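Reminder that position 486 of the sequence shown reads as 486 in the UniProt record's numbering, one-by-one numbering, no gaps. For every residue, glycine included, the Cβ atom is placed at its ideal position computed from N, Cα and C. As the structure is a prediction and not an experimental result, all values here were calculated from the model. The next block holds one structure in the form of structure tokens; read it before the comments.
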Amino acid sequence: MQKKLLKTNSFINNYQRVINEINSFEDDFKTLSTNELRNRNIKLQKQYKKTSNLDSLLVESFALTKEASLRTLGLKHFDVQLIGGLVLTDQKIAEMKTGEGKTLVATLPACLNALTKKGVHIITVNDYLANRDQISMSQVYRFLGFSTGLIQGEMSKLERKKNYDFDITYVTNYEVTFDFLRDNMALNLNDVVLRPFNYCIIDEVDSILIDEAQTPLILSDTIKTPTDKYIIASEITDYLDLNIHYKVDEKNKNIILTDTGSKQIEKILRVPDLYNPRDPWIPYVINALKANSLFFNNIHYIVQDNRIVIVDEFTGRIMADRRWSDGLHQAVEAKEKVPIRKNTETVAAITYQNFFLLYPKLSGMTGTGKTAEIEFEKIYNLAVEEIPTAKPNIRKDLADVIYKDQFSKWSSIAQACYKISSTGQPILIGTTTVEKSEMLAQLLNEYKLSYQILNAKPENVRRESEIIAQAGQKSAITIATNMAGRGTDIVLGGNLNFQVQKELYDILTLLRNYTLLKRIDIFRSGLKTRVYYKSQKFLSVLFSLLTDKPFLKLSDIAILRLLRENENVIYPSTFYQYSIKFLINELISDYKKHQKQENKIVKNLGGLYIIGTEKNDSRRVDNQLRGRCGRQGDPGISKFFLSLDDNLLRLFGGPKIQTFLQTQMIDDTPLESALLTKSLDSAQQKVEERAYQQRKNLFDYDDILNKQRNIVYFERQAILKAISQKNNMVAYCEQIITDILHELQSEKSMNTQTLKLLENLLGEILSIKYLKNLELLTKQFNLSELKIYLFNEFWLSYQLKINELTIYGNGICENIERSIILINIDRIWREHLQKMTLLREAVGWRGYGQRNPLYEYKQDAFYMFETRKEFLRHLVIYDLLRSSIL
């Protein structure tokens, strides 16, 4: 079957020779011992040191990884997975459908590039996936002698540095980007955790490089916040009417205040001007209106622990560490009447586009990348290659149906669930918001249907893996908000491993608790009711844990973690690990027969039935939902239920389509037509093109800032690594003196104000008293003589400052100088970022004057950046000459 698939694509034919070479090693490697295989890998590392050429090592490295995977995980790379690895090695994006084993594919290029010892980063979308993938795949890496690291949110700088220094590191896009920003604010080399970038593999690459690239990542500090203004602005919205006092632009998520609205607000506030620069009210009012008209609870955010937590619209997950900028988050807090947290100012920022372009070698994996291929190529220079599935895809994608209103649509969805579930076929329902998932749950309650719900609410997130894993059980109904990056396969008939883990978790926690309570007799009698524990050996191993003190000390969370990580523990190191491994294997063999029967039953029913409740802004997100069924040759069905007032059709469908559809719909009967499908595709393309233009616009503007950022960070790195800053300090002051004297020369007369600037900067260290008589000075000295005099005075004063600081210990002066320069670089850069934000807003208005805003932005940004050096010199010298240990 695979050979037939490989013949269907020309790009795959180019890889066929390499695949044959990789597979030719299989028989030879089977006869080698673990140490012999590891030595072959060490030999490849030595070859790379000599040649610095990975291409010549690719075939053997892939073959070694393939054998290591088979021996450690029991998983053998299919030919299509080898193709995926070759695509990643060629710095492209591999599009592989859900369930085709992307996690395993990443081991191939990771092991190849780890031979360089320069580091490999495997980027995932959340901590759970990073942890899961690192635990499972690290066995392959360890087998070949590679070290693997994992970055998690709670880690210290020391732990992060250690894990980034390993050969292969699993980390989320969020963590690695903020580590980069923090590294470039470090005042000491010991605080830098990242080493120079080398090779990067991004899992769910479309989610990270496209969906999350809409806004830059910002590192911020808190600043003084006028809480009362947010509260007052929120209350004012109650006295404003839509389309009279303000208008809502849903497409652009913007508010337009009318003249009537401005006058009404000024009257309420009793202020003459909302736009007064000294006491502006307009940003608070606009944000309050946005919070009320465009941002809604259980859609864009949830209220958790008396805080506003943003919900990611693409993944349906909460983003606890993120906040909306420019006062919008505070406006939402005021609206929901929760404590208003302090506002922030940007201290460092970068977009995902510019961050990931810092990697010399970049590649990615996704299940849905082809629809965004143009953007990948234009911005990231990444081609997308579609990898065929190992088995043919037999999923049925039914035609979309559209209803005249929301009520008819949701009623039909509930009826469809009732009808389908009565046959026993499992259903997965994709919703776009928390609110809609809970509303559908209420409808299913009316039909007395049992279901599982997965959305951004914490009580549901904790059970995410379990809910998704069991979504393929007979008669299961699962409601989920978006399905990107869930990381758990839906197995028809239920996921055997999760069933076993749940069962054994209940037994082990009961065993431990009853043992601690000294009521083991109750536990024994309860166990007898579990009829499938017939094995005496199972019971004897289970009860042997009663005397194992390390096991009895484990918490419930530790037991759960132990069970989840069991399949990755090849060689148990403790007695309880060995016992648990045995118990799990016993249960698996007991469950296996039943699971096979259930799998066959569900397949005969048609597999997993996917119901989409609304078209998303992106076709990729819809395809991600569809892709949850029909994995690895399984059957499956997908169908979308839509209505005329869905956001996509309402905002982007066009008035002609709306009119046509309304005339066609006389009653609640749904409509199916080629025009409908074409219209929906057209609407989605409009949204995708619009979103692309927004990202492209962000990229174009940030590209200017990125060049400046690279210069600043490069200078910063040089200062951080330098032993002494003496040359810099002398150069700074000499340049200041030279600039001031040039200014005096250009004015052809001594300027009292300029000399006062020099006196203020250098303070009492210079004999300024000799410069008071300017007329006498110009007659007695020329500017060259004055420059030499001032240079000598600074050198003497600088040496005195060094002597003063050296008293407190060796290296003190160097550390103070380095800190002064770095702190002032950060201070000026922070102010520059704020100016650039204001500049970007200002140049937008110049378009009305037939001027190109981007060109204007470039010009002004250049002039602003040029003045940075002058400010830095003045601040550094001023601070240095006034520095003191006390």
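Looking from the CA of CYS200, the closest CA among LYS224, LEU189, TYR170, LYS229 belongs to TYR170. For GLU67, the closest of ASN803, LYS370, CYS111, ARG195 by C-alpha to C-alpha distance is CYS111.
Spatial neighbours of TYR246 in its own chain (CB-CB distance under 7 Å, excluding positions within 5 residues in sequence) are listed in chain order as LEU240, ILE255, ILE256, LEU257, THR258, GLY261, LEU289. Taking 7 Å as the cut-off, the Cβ atoms of PHE166 and THR72 do not count as close.
In this structure, GLY364 sits near VAL205, with a CB-CB distance shorter than 7 Å. Here DSSP, grouped into helix, strand and coil, assigns TYR692 to helix. If the five residues before and after LEU358 are omitted, its C-beta is found closer than 7 Å to the C-beta atoms of PHE197, all from its own chain and listed in chain order. In the three-state reduction of the DSSP assignment, LYS396 falls in the strand class. The shortest C-alpha to C-alpha distance from ARG695 to any of ASP28, MET319, GLN499, GLU212 is the one to GLU212. For secondary structure counted as the alpha helix (DSSP H) over 4 or more consecutive residues, the segment 273–346 holds these complete runs in sequence order: 282–293, 328–336. The C-beta of ARG270 has fewer than 16 other C-beta atoms within 10 Å across all chains shown, which makes the residue exposed. Restricting attention to LYS335, ALA331, LEU608, PHE543, the CA atom closest to the CA of ILE420 is found in LEU608. Contact between ILE820 and LEU880 holds: their C-beta atoms lie close to 6 Å from each other, under 8 Å. Counting only runs of at least 3 residues, the UniProt domain "Helicase ATP-binding" (83–241) fully encloses the following beta strand (DSSP E) elements, listed from N- to C-terminal order: 93–95, 120–124, 148–150, 168–172, 199–203, 217–223. Less than 7 Å divides the Cβ of ILE490 from the Cβ of GLY472.
In the structure shown, the three-state DSSP call for GLU831 is helix. Contact between ILE208 and ASN173 is confirmed by a C-beta separation of about 5 Å, below the 8 Å threshold.
PHE641 is bridged by DSSP to VAL401.
In this structure, VAL332 and ILE299 do not form a Cβ contact; the two beta carbons are roughly 12 Å apart against a cut-off of 8 Å. Going by C-alpha positions, ILE479 is about 5 Å away from ILE429. The three-state reading of DSSP puts SER52 in coil, since its state is none of H, G, I, E or B. In the DSSP assignment, THR478 falls within the unbroken beta strand (DSSP E) covering 477–481.
If you look at GLU386, you'll find it in the beta strand (DSSP E) that goes 384–386. Nearest neighbour of ASN252 by Cα position, chosen from GLY630, TYR857, ARG690, PHE498, turns out to be ARG690. Per the coordinates, the alpha-carbon of THR481 lies some 23 Å from the alpha-carbon of THR677. In this structure, LYS97 places its C-beta atom within 7 Å of the C-beta atom of GLY627. The DSSP-derived three-state label of GLY633 is helix.
Apart from the 5 residues on each side of it in sequence, MET864 sits with its Cβ closer than 8 Å to the Cβ of HIS832, LYS835, MET836, LEU839 in its chain, given in chain order. Pairwise C-beta distances place the segment 181–198 in contact with the segment 113–122, as three or more of them are shorter than 8 Å. Following the DSSP letters along the chain, one finds THR431 in no alpha helix (DSSP H) but inside the beta strand (DSSP E) bounded by residues 427–431. Residue environment for TYR701: buried (at least 16 other C-beta atoms within 10 angstroms of its C-beta). With respect to the 7 Å criterion, ALA334 and SER234 are classified as neighbours on the basis of their beta carbons. Between the segment 380–398 and the segment 635–643, the count of Cβ pairs shorter than 8 Å is three or higher; the stretches touch. For ASP826, the three-state secondary structure derived from DSSP is helix. Note on geometry: alpha-carbon atoms of ILE802 and ARG160 lie some 36 Å from one another.
GLU336 is a Cβ neighbour of VAL303, given a cutoff of 7 Å.
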